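Be aware that the sequence shown starts at 2, since it is given in our numbering, and climbs by one per residue. C-beta atoms are modelled at their ideal positions from N, C-alpha and C, and glycine is treated no differently. Predicted model only: the values in this text are computed from it and were never measured. Presented below is the structure to which this report refers.
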Amino acid sequence: MKILVANLGSTSFKYRLFAFDGEAAEMLAKGGYERVEDHGKAIADGLAKLVDEGHLASLDDLDGVGFKAVLGKDLSGCVFADDRALAALEGFAQIAPAHNPAYADGIRQFRKRTKAPLVALFETSFYQWAPEALKRYAVPKAWDAAGIRRHGFHGASHKFIAERSAEMLGREDIAETVRQLYVDGPGDEPEEPLRVVSCHLGGSSSVAGIRNGVAVGSSFGLSPQSGLPHNNRVGDLDSMAVAVAMRELGITFDEALRQLSKEGGLLGISGVSNDVRDIAAAAEKGNADARLALDVLVKSIRHWTGAFAFEMGGLEALVFTAGIGENRADIRRGVCAGLEGFGIRLDEARNTAYSGGEADIAADGSSVRVLVIPTNEELVVARETRRRILHGS
Ligand code: ADP
């Protein structure tokens, strides 16, 4: 079974083609186009290339296309990308302006070019079973009904971590729950709990609490402009902030929103860069703002880690993933510092020596395992697309 995963940005189209032999997946090809003005042309070129290079015998050889869609109005989960899914994407275009319109356009373009089933995996899917009290903002009912809720994002990545961490910790029962989650739902509670906090730290960052393979919540709220500080986007911010900035700085509403989405986050605090490598180099040389940016990130990760560990009643594993999580021993060290009282003991030699792959970097006696797991969001989209197609609607 051949599944194409399509990743669409406002000016980009990237793809990966997977071949499945039962549950086992192999990536056959990947490619993409930047500075795209016409998604239709880029998609047609990409499909033609897959045929020309022999990865597909013809377009009929494609069994499905999966989309890592961001969020939909009144719709989540792993669903066929039909008119209802398109309406849901367009209904929330305002919340994810760089992605939702691009996905809606891309889905329409694929429809014209292939008969293969199209499947949308919303990034919010993983939080479907989170308690209502953790999704609800303290807003009037009408706001909540308008979709002003904690939706959560990075669902594909945190779901990958939920499955792999369960496998690494010998909990095949929970790994199987995670695999079947979008088809069967959460199932029965196991006797022994597995409580994981997953820290996806990259250009966008989020922390998720995962109990027995099912997310209890995410640091992300209504939009990808929430939770932890991101590369150049603000994280959590008081709802009065925009009004105060407009008055004090004499800027318009649109300019305030632009600054929060382009000049905030680690870039905003450090004034140096949106890349942690540059920020850390500046901090080494004594730049106090750069140091502060890293400290704010670490404090924010600890804030959410603590919140979810408490909410879940304990912690068996703390997982780091994505560009910063996999590559920055200093950030991992900062997050774990002084947590021996909670059973978290990092092995500093393992932390520093880590250079790729999956690893347990906790000290031998640590009651909480500290794992580094490279994430694989595209593989999750491919697997879920296959399951949705095999299972039907
Ligand atoms: P995205 O969310 O855009 O996919 P990544 O997961 O690649 O981004 O994360 C980007 C962040 O990870 C940057 O702040 C960068 O500094 C950091 N990062 C990525 N690769 C490395 C590396 N090899 N060494 C150190 N830091 C890295």
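Worksheet item: How big is the Cα-Cα spacing for PRO194 and LEU48?
Response: 45 Å
Practice prompt. Give the range of the alpha helix (DSSP H) segment to which TYR104 is assigned.
Written response: 101 to 114
Worksheet item: Whose C-beta lies closer than 8 Å to the C-beta of GLN129 among residues of the same chain, with five residues either side of it excluded?
Response: The beta carbon of GLN129 sits closer than 8 Å to those of SER77, GLY78, all from its chain and outside the five residues before and after it, given in chain order.
Fill in: Beta-bridge pairing of MET1 - partner residues as DSSP gives them
The first residue shown for the chain is 2 and the last is 394, placing residue 1 beyond what the model contains.
Worksheet item: Is there contact between the stretch 325 to 339 and the stretch 130 to 150, where contact requires at least three CB pairs shorter than 8 Å?
Response: no
Fill in: 8 Å contact criterion, which ALA310 and LEU316 should meet: CB distance rounded
4 Å
Practice prompt. Determine the extent of the beta strand (DSSP E) in which LYS3 is found, giving its start and end residues.
Written response: 3 to 10
Worksheet item: Comparing alpha-carbon positions, which option in ARG387, ILE270, GLY265, GLU327 lies nearest ASP22?
Response: ARG387
Fill in: Status (buried if at least 16 other CB within 10 Å, exposed otherwise) for VAL71
buried
Discussion item. The ligand GTP and ILE325: does any heavy atom of the ligand fall closer than 7 Å to the residue's C-beta?
Written reply: In the structure on display, the ligand GTP does not appear, and the ligands it does have are the ligand ADP.
Item to complete: Please name the residue or residues paired with ALA360 in a DSSP beta bridge.
Response: VAL373
Discussion item. If contacts are defined as beta-carbon pairs under 8 Å, then LYS74 and ALA97 qualify, I think. What distance do you get, rounded to the angstrom?
Written reply: Contact doesn't hold; Cβ gap of about 11 Å is too wide.
Discussion item. Beta-carbon within less than 6 Å of GLY358's beta-carbon, same chain only, minus the 5 sequence neighbours each way: which residues are those?
Written reply: none
Item to complete: Specify, as a first and last residue, the run of the beta strand (DSSP E) that SER207 falls within.
Response: 206 to 212
Discussion item. Would PHE154 and SER219 qualify as a contact pair, given that the criterion is a beta-carbon distance under 8 Å?
Written reply: A contact, by the Cβ cut-off of 8 Å.
Worksheet item: Which term fits TRP144, buried or exposed, when burial requires 16 or more other beta carbons within 10 angstroms of its beta carbon?
Response: exposed
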